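Trainee: Numbering (this note's numbering), first residue to last: 140 to 212.
Glycine residues also receive a C-beta, built at the ideal position from the N, C-alpha and C atoms.
As the structure is a computational prediction, the values presented were derived from the model and not from experiment.
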Amino acid sequence: MAKFKMNITIEECIGCAACQAVCPDCFEMKDINGEMKAKATKQEFDELGCAMDAAESCPVNCIHIFEDGEKKI
Ligand code: SF4
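#1: Alpha carbon to alpha carbon, how far is residue 189 from residue 166?
#2: How do the region 142-159 and the region 194-209 stand: do at least 3 beta-carbon pairs fall below 8 Å, yes or no?
#3: Could you name the residues that DSSP lists as bridge partners for residue 144?
#4: Should residue 171 be labelled buried (16 or more other beta-carbon atoms within 10 Å of its own) or exposed?
#5: Under 7 Å from any heavy atom of the ligand SF4, does the C-beta of residue 165 make it?
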């Protein structure tokens, strides 16, 4: 089982692309019904890498990271 899991509350995403700028390995922007939204390209991983920096950069705090099931952000 992966140590870290990540998800985005997509309804809250304002499409600012900060997460992709900070961590292009884990995020991409997608047009969803005419609105740009972030998509997590990795949802489970063993090394946190830049994902936490990206979550911290999100202006609406809609990126959530869990470590061993415990919410970190
Ligand atoms: S930083 Fe947050 S609001 Fe901005 S695109 Fe990424 S998930 Fe959406």
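Mentor: Once the coordinates are examined:
#1: 10 Å
#2: yes
#3: 183, 205
#4: exposed
#5: no
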